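A.B. asks: Residue numbers (the UniProt record's numbering): 1 to 226. Here's a structure for you.
This is the structure:
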């Protein structure tokens, strides 16, 4: 199958933020400082996670004083929420790019699953943080649930047009398939080794093979109706 590259499938999110602040810096000094803090937060979340993160670490990485940090954020929870909200928005935007114009149903599913797997691998630490932080920052949990619901609704509407299924039925189907894919990916990204890892690596030796496997599940569930 052909592949489509998006920035988030080629670089991790901190690298994208670094490129933005280096090549497209904010015009105002204060906003440039905030850019640096958010980049540092994203980098550290991807490396060490939320529990180990300290404001002092963010300031050291960004080369910003603690006093300057508190001009923009109250604590590590607030900057983490800000960073992860923008990260998750970027993910869903990347997954939706080009999808409405793809005429090959199986190819459209493959592109989305391959993009998801690559983004998850490049940002494994951030992806674990997304799950973790939903349990400790209720505002982020609400934001993510809304964002995810909007994404599922958009995907379901596109699929309903292609599959001739009722939109209400497609919504439930896409929700179930997305939940399966999310859990599947989280297990693969887990810090704790499991028999699943060895089994998957044996059956699907590359991301493209794994994307094909997942896409076949999606395609059969959506388009092969009994």
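Just so it is clear, CB atoms sit at the ideal spot from N, CA and C, and this is done for glycine as well. Just so you know, these numbers come straight off a predicted model, no measurement behind them.
Which full runs of the alpha helix (DSSP H) of 4+ residues lie inside the segment 103 to 170, going along the chain?
C.D. replies: 105 to 122, 124 to 133, 138 to 163
A.B. asks: For the alpha helix (DSSP H) containing residue 75, name the first residue and the last one.
C.D. replies: Residue mapping note: residue 75 aligns to position 75 of the chain shown, counting from 1. Looking at the DSSP string, residue 75 is not in any alpha helix (DSSP H), and its letter there is neither H nor E.
A.B. asks: With contact counted as at least three CB pairs below 8 Å, one residue from each stretch, are the segment 68 to 86 and the segment 158 to 177 in contact?
C.D. replies: Segment contact: the segment 68 to 86 against the segment 158 to 177, fewer than three CB-CB distances shorter than 8 Å; contact not assigned.
A.B. asks: Buried or exposed, going by whether 16 or more other CB atoms sit within 10 Å of the CB of residue 170?
C.D. replies: Counting from 1 along the chain shown, the entry for residue 170 is found at position 170. Per the 10 Å Cβ criterion, buried.
A.B. asks: Indicate the three-state DSSP secondary structure (helix, strand or coil) for residue 210 in the structure shown.
C.D. replies: Within the chain shown, numbered from 1, the residue matching residue 210 stands at position 210. Three-state DSSP puts residue 210 in a helix.
A.B. asks: Look at the alpha carbon of residue 200 and the alpha carbon of residue 217, and state the distance between them as a whole number of angstroms.
C.D. replies: If you number the chain shown from 1, residue 200 lands on position 200. If you number the chain shown from 1, residue 217 lands on position 217. Their backbone Cα atoms lie some 15 Å apart in a straight line.
A.B. asks: Closest to residue 227 by CA distance: which of 105, 53, 31, 60 is it?
C.D. replies: Not covered by the structure: residue 227. The range shown for the chain is 1 to 226.
A.B. asks: Evaluate residue 149 with the Cβ neighbour count: other Cβ atoms within 10 Å of its Cβ, from every protein chain shown; 16 or more gives buried, anything less gives exposed.
C.D. replies: As a first step, residue 149 is located in the chain shown; it is residue number 149 there, counting from the start. Residue 149 counts as exposed, since fewer than 16 other C-beta atoms from the protein chains shown sit within 10 angstroms of its C-beta.
A.B. asks: Please determine, among 128, 115, 172, 147, the residue with the shortest C-alpha to C-alpha distance to residue 210.
C.D. replies: In the chain shown, counting from the first residue as 1, residue 210 sits at position 210. Of the candidates 128, 115, 172, 147, the one whose C-alpha sits nearest the C-alpha of residue 210 is 115.
A.B. asks: In the structure shown, what three-state DSSP assignment does residue 204 receive?
C.D. replies: Within the chain shown, numbered from 1, the residue matching residue 204 stands at position 204. Of the three classes helix, strand and coil, the one that applies to residue 204 here is coil, per DSSP.
A.B. asks: What residue range does the alpha helix (DSSP H) around residue 32 cover?
C.D. replies: What you label residue 32 is simply residue 32 of the chain shown in a count that begins at 1. It spans 29 to 48 - the alpha helix (DSSP H) in which residue 32 sits, taken as one unbroken run.
A.B. asks: Alpha carbons only, please: which of 18, 140, 194, 202 is nearest the one belonging to residue 34?
C.D. replies: Residue numbering aside, residue 34 sits at position 34 when the chain shown is read from its first letter. Of the listed residues, the one whose Cα sits closest to residue 34 is 18.
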